[in-house]
Structures are given as C-alpha cells and as structure tokens.
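Worksheet: the structure to be examined is printed underneath.
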Amino acid sequence: MGLDKAYERMTAVAVAALHEREPARLWPMLAGALADLCGGEAVVHKLDDWSAHAGTIGAAPDAAAAELQRLGPADLALLRAGYPFARHYANRADRLPVTARRAAGRRWPGSPTARLLGEALDVDHVLGVPLADSTTPVTGCLVYRAGTDFTDDHLAMAERAQPLLAAVERQRRLLEEWRRGLGPGGAPDERAADCALTPRETTVLLLLTDALTADAIGRRLGISVRTVHKHVENIYRKLGTRDRLGTVLRAQRLGLVPSPGPL
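The number in this note's numbering is simply the position in the sequence shown, starting from 1, with 14 added.
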C-alpha cells in the first residue's frame, strides 16, 4: 500500500472510530485496517495484561477469530505469553514495532509459538505493534503473515499507525468508563444521541466532569488544546450552556454523566 493510500486509510479509520458508540467494535475495526496497512493477513489484539494465564484475545478477520476459538487452554496460554515480544519489550523503554524474527533471531522458526501459528493460522511471521504509551509489555496488536517477513516499510507504517491505535484505545476506555459510571438503568448511547453528542464529545464531557483542564484533557486523549476547546464549544452549544459548571450540572440532570454520590 502506498503512503498516500495508507494515510487515507488511517484517516478514514480515525473518523469512523470517533463516531462509533459501541466500544467493543473499535478494536475489530482497527485490526482489519492495521493488517492492510502493514501487509498482514490477520491481527490479534490483546489490550490487558499480557501473560499466559490472563487476558482476553480478539482477532480479525472473522476466519482468524474462528480458528482461535478452536484452540485449547494450553495453546491459548502459549499465544497469550506473547513470545518473543513480552521479553523484548520488558528489557527496553521503547515501544517500536518489531518482528518476531528480529526479536528472537534463529530461535523463532523452531519455537513452540511459531509452530502453533503455522498450524492454527498458516502463518510464518509476526509483527508486534504495542501501544506507544503502554507500560505493560506487548499491550497492543500482533500482525501475522505467511511467506516473506515484514519489510522495513511495513515496520515504518506500523510505527505511523501507533498514535492512532493509542488514541482509539483511550477512546474505548473512556466510553466503557462512561457506561459503567451510568450503571445498567438506562440507555446512555441513546441519551447522548438525543443531544446530538458524538462519541468524542461524550468522552470530552466525561473528562470535564472530572474537572480536568483543557491541557489535561488534550494529553489524556492525545489531541491538541485547540481541538479540546472546539469540542467544548460544541458541547456547550448542544446542551444550551455557557460554562463548565452549568454544563456538568445539565449533563447530570440529563443522565449523560454520573451524578455525584452522597457525601
């Protein structure tokens, strides 16, 4: 994929992600795009602590997800262990994408993980794409392909995609936090849609409720302060308010954000 086409694809995915109200749909959407961008055939995404005994695994396309569902506990544990990426990233501060062959050298082709991937997904090579701000090793994605290994251009494309992956992950976590905070008694997505709030504006509103400054909101979401102010202006206009306090109070009355608990 050429650079211009790649940027077009990343932009399209970013726009789609910012308008997606269902957090569970974000990573399947990203995984398919990442495979295309990096010359892969399948992607596994695992966004919690990467260990052999814990964590949920998602995959794209559907055929890869179906194959993973057929794996037994021992094979899933092997896949969760993240060889050789867990050790590779644990020993360094950077989170640059790297291939399994470069991280493990000659040990990779004969490793139990490589054999498992060959049998389950018919792939030979893996590209680790961690979230750039991750502190837990290999929190992010693994891209798979058969035949030749990933090229330097594929690694460069993966590095360019990392900020998008991190931004969408922050969006996903905030949307899930928002839903948990409102509890099971309503339809928060419908209430936000009734007020014409986009999912991105909803996450900014949630952070306004937490009394974060525009600078802090920008850092949390990976966007500029100017963009934060634009979102805040849109929220004020859509809720018919003029300041932060009035906006938070109105949002609480409308059930858009959690109300404060009893003192």
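For each residue, glycine too, the CB sits at the ideal point set by N, CA and C.
This one's a predicted model, so the numbers in the text were calculated from it and none came from an experiment.
Does residue i pass the burial test, meaning 16 or more other C-beta atoms within 10 Å, or should it be called exposed?
i, result
"Gly259", "First, the amino acid is wrong: residue 259 is Leu here, not Gly. Its Cβ having fewer than 16 others within 10 Å, Leu259 is exposed."
"Thr113", "buried"
"Lys60", "buried"
"Thr165", "exposed"
"Glu22", "exposed"
"Gly132", "exposed"
"Pro126", "exposed"
"Gly124", "exposed"
"Gly254", "exposed"
"Glu34", "buried"
"Arg106", "exposed"
"Arg129", "exposed"
"Val29", "exposed"
"Glu247", "exposed"
"Pro87", "exposed"
"Ala84", "Note on residue identity: the sequence assigns Arg, not Ala, to residue 84. Per the 10 Å Cβ criterion, exposed."
"Gly161", "exposed"
"Gly195", "exposed"
Under three-state DSSP, which class holds residue i?
i, result
"Val182", "helix"
"Thr217", "helix"
"Pro144", "strand"
"Pro276", "The pLDDT assigned to Pro276 is 48, lower than 50, so where the model puts this residue is not dependable; a value taken from the coordinates is nonetheless given after this. Looking at Pro276 - three-state DSSP - the assignment turns out to be coil, as it is neither helix nor strand."
"Asp224", "coil"
"Ala210", "coil"
"Ile237", "coil"
"Val29", "helix"
"Leu270", "coil"
"Asp229", "helix"
"Thr261", "helix"
"Asp163", "coil"
"Arg256", "coil"
Since residue i sits in a beta bridge, which residues does DSSP pair it with?
i, result
"Ala72", "The sequence given here places Gly at residue 72; Ala does not occur at that position. Gly72 pairs with His59."
"Ser65", "Ala68"
Could you pull out every residue in the same chain whose Cβ sits closer than 6 angstroms to the Cβ of residue i, ignoring the five residues on either side in sequence?
i, result
"Val27", "Ala47"
"Gln176", "Ala146"
"Ala118", "Pro98"
"Ala74", "Pro42, Ala45, Gly46, Val57"
"Arg264", "Leu253, Thr255"
"Thr223", "Val262, Val271"
"Val140", "Ala114, Leu156, Tyr158"
So, for residue i: in the same chain, excluding its five sequence neighbours on each side, which residues have a beta-carbon less than 7 angstroms away from its beta-carbon?
i, result
"Glu81", "Ala134, Leu135"
"Ala206", "Thr216, Leu270"
"Asp229", "Val239"
"Ala20", "Leu51, Met171"
Within its chain, find whatever has a CB closer than 8 angstroms to the CB of residue i; leave out the 5 residues flanking it on each side and keep chain order.
i, result
"Arg240", "none"
"Lys252", "Cys209, Ala210, Leu211, Glu215"
"Met24", "Ala47, Leu51, Arg174, Ala175, Leu178"
"Ala79", "Gly72, Ala73"
Cβ of residue i within 8 angstroms of any heavy atom in the ligand MG?
i, result
"Gly119", "By its list of ligands, the structure shown contains no ligand whatsoever, and the ligand MG lies outside what it can speak to."
Which runs of the beta strand (DSSP E) fall wholly inside the stretch 34-63 and span at least 3 residues, in chain order? 56-60
Unbroken stretches of the alpha helix (DSSP H), 4 residues or longer, contained in the stretch 85-160: 87-94, 99-104, 114-118, 126-135
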